[in-house]
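Asks: Have a look at this one.
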Amino acid sequence: MRELRALEPDFWRAPSAHNTQPWTLTYDGDEVAVGWDPARALPVSDPTGRDLRLSLGAFVECCLIVCADAGLDVAFRPDPGPLRVGFLHAAERRYETPFTTADVRARGANRGEYHGGRLPEEVAGAMEGMRRLPCRDLADLLHAADLHQFGDRRVTRELRAWLRLTRRHRRYFLDGLSDRALALTRAEALGLRASLALYPALRRLGLPRVLAGASRGLLDYDGDVLVLVGDVTEEVGLGRALMRNWLTLSGLGYTTHPLSQVIDCEPTREVLAGRLGVSDPETLLHVARVGRPKSPSPPSARCRS
Numbered sequence: 001m002r003e004l005r006a007l008e009p010d011f012w013r014a015p016s017a018h019n020t021q022p023w024t025l026t027y028d029g030d031e032v033a034v035g036w037d038p039a040r041a042l043p044v045s046d047p048t049g050r051d052l053r054l055s056l057g058a059f060v061e062c063c064l065i066v067c068a069d070a071g072l073d074v075a076f077r078p079d080p081g082p083l084r085v086g087f088l089h090a091a092e093r094r095y096e097t098p099f100t101t102a103d104v105r106a107r108g109a110n111r112g113e114y115h116g117g118r119l120p121e122e123v124a125g126a127m128e129g130m131r132r133l134p135c136r137d138l139a140d141l142l143h144a145a146d147l148h149q150f151g152d153r154r155v156t157r158e159l160r161a162w163l164r165l166t167r168r169h170r171r172y173f174l175d176g177l178s179d180r181a182l183a184l185t186r187a188e189a190l191g192l193r194a195s196l197a198l199y200p201a202l203r204r205l206g207l208p209r210v211l212a213g214a215s216r217g218l219l220d221y222d223g224d225v226l227v228l229v230g231d232v233t234e235e236v237g238l239g240r241a242l243m244r245n246w247l248t249l250s251g252l253g254y255t256t257h258p259l260s261q262v263i264d265c266e267p268t269r270e271v272l273a274g275r276l277g278v279s280d281p282e283t284l285l286h287v288a289r290v291g292r293p294k295s296p297s298p299p300s301a302r303c304r305s
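Numbering (full-length UniProt numbering), first residue to last: 1 to 305.
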């Protein structure tokens, strides 16, 4: 257990919505319960807990990869309970994975500009549970979803609580979405801070449309968007698969940018399901554009690193 505790800073390299880092580890004898802190959940923008469970699955996968690379024989046993998804425990054999701690450290999201170009067929075909569409095929849905998101005062308030738009923010280097992570210039970050501070007054004057307009051209290039499709009862396991996909892409020089607001909005989720030929829109679990970034990914703030 002491050896496992020493690896925690690398476990925390897992991705999470708004970089909330919701996971917890509770040590009890020969097992470690994997759970979450409800204060780090997103009850408004993630009311079903979909993103929470996906991030917990990604966290579990990070734990197993890092432990295997450190020579520890550790496995995961799903066992859902109050604020818990399962247990890490000693195993008879090491977790088999092609990934290493270095791969976990190198992975990152990138919300900046990407070079044009579709994924090679062999790469796209290797993505577990993923469907893909050309970026331009989702441009209209992204704008509609952003308009819906910024038009909802509760969702916007929750997002604002996790934004770190100035280095003077007391949690700038700990968690949340920084101006660097959002690829904002200093002027853009200042403008966004001012707009959100005045949101109640400016909402009626069209602020949601202005904020949504910032992403209008984001998908106007020859690239790919990947959509995770799967059983909603298997979200933790699918989060593990998602982590493996991101590590595979990262090792090939690609990065990702989450765009799950498209499936957080019911009308755009239904349209996207139709475009993918998916009969049940609820099985759309994650959306991200993928490509080769024009600039390196900024390091994410981490609470426990």
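Built from N, CA and C at the ideal position, the CB exists for glycine as well. From a predicted model like this one, the values you see are computed outputs, not experimental measurements.
Considering only their Cβ atoms, is the gap separating residue 14 from residue 58 smaller than 9 Å?
Replies: Translated into the one-based positions of the sequence shown, residue 58 becomes position 58. Translated into the one-based positions of the sequence shown, residue 14 becomes position 14. Taking 9 Å as the Cβ cut-off, residue 58 and residue 14 qualify as a contacting pair.
Asks: Count the other CB atoms within 10 Å of the CB of residue 114; is the residue buried (16 or more) or exposed (fewer)?
Replies: Position 114 of the sequence shown, counted from the start, is the residue given in the question as residue 114. Looking at its Cβ environment, which holds 16 or more other Cβ atoms inside 10 Å, residue 114 is buried.
Asks: Evaluate residue 54 with the Cβ neighbour count: other Cβ atoms within 10 Å of its Cβ, from every protein chain shown; 16 or more gives buried, anything less gives exposed.
Replies: In the sequence shown, counting from the first residue as 1, residue 54 sits at position 54. Buried, because 16 or more other Cβ atoms sit within 10 Å of the Cβ of residue 54.
Asks: Run through the segment 206 to 245 for me and flag every whole beta strand (DSSP E) of 3 or more residues, listed as ranges in chain order.
Replies: The qualifying runs are 224 to 229.
Asks: Cα separation between residue 191 and residue 283?
Replies: Translated into the one-based positions of the sequence shown, residue 191 becomes position 191. Translated into the one-based positions of the sequence shown, residue 283 becomes position 283. Rounded to the nearest angstrom, the two C-alpha atoms are 36 Å apart.
Asks: For my contact list, residue 118 and residue 223 are in at a C-beta cut-off of 8 Å; report their separation, rounded to the angstrom.
Replies: For the purposes of this step, residue 118 is taken as residue 118 along the sequence shown, with counting starting at 1. For the purposes of this step, residue 223 is taken as residue 223 along the sequence shown, with counting starting at 1. Sure, about 7 Å apart at Cβ, within 8 Å.
Asks: I'd like to confirm the pairing. Which residues does DSSP put opposite residue 34 in its beta bridges?
Replies: Within the sequence shown, numbered from 1, the residue matching residue 34 stands at position 34. For residue 34, which the question treats as bridged, DSSP gives the partners 25, 86.
Asks: What is the rounded straight-line gap between the Cα of residue 305 and the Cα of residue 16?
Replies: What you label residue 305 is simply residue 305 of the sequence shown in a count that begins at 1. What you label residue 16 is simply residue 16 of the sequence shown in a count that begins at 1. Only weak support is given to the placement of residue 305: the predicted model assigns it a pLDDT of 46, under 50, and the question is left unresolved by the model.
Asks: Let me confirm a value: residue 48 is counted as buried when at least 16 other C-beta atoms fall within 10 Å, else exposed. Which label applies?
Replies: In the sequence shown, residue 48 corresponds to position 48, counting from 1. That one is exposed.
Asks: Confirm, please, whether the CB-CB distance from residue 75 to residue 90 is below 9 Å.
Replies: Locating residue 90 in the sequence shown gives position 90, where the first residue counts as 1. Locating residue 75 in the sequence shown gives position 75, where the first residue counts as 1. Taking 9 Å as the Cβ cut-off, residue 90 and residue 75 qualify as a contacting pair.
Asks: Report the three-state DSSP secondary structure of residue 11 (helix, strand or coil).
Replies: By one-based count along the sequence shown, residue 11 stands at place 11. Helix, per DSSP.
Asks: By the three-class DSSP mapping on this structure, what secondary structure does residue 255 have?
Replies: Against the sequence shown, residue 255 aligns to sequence position 255. It is a strand residue.
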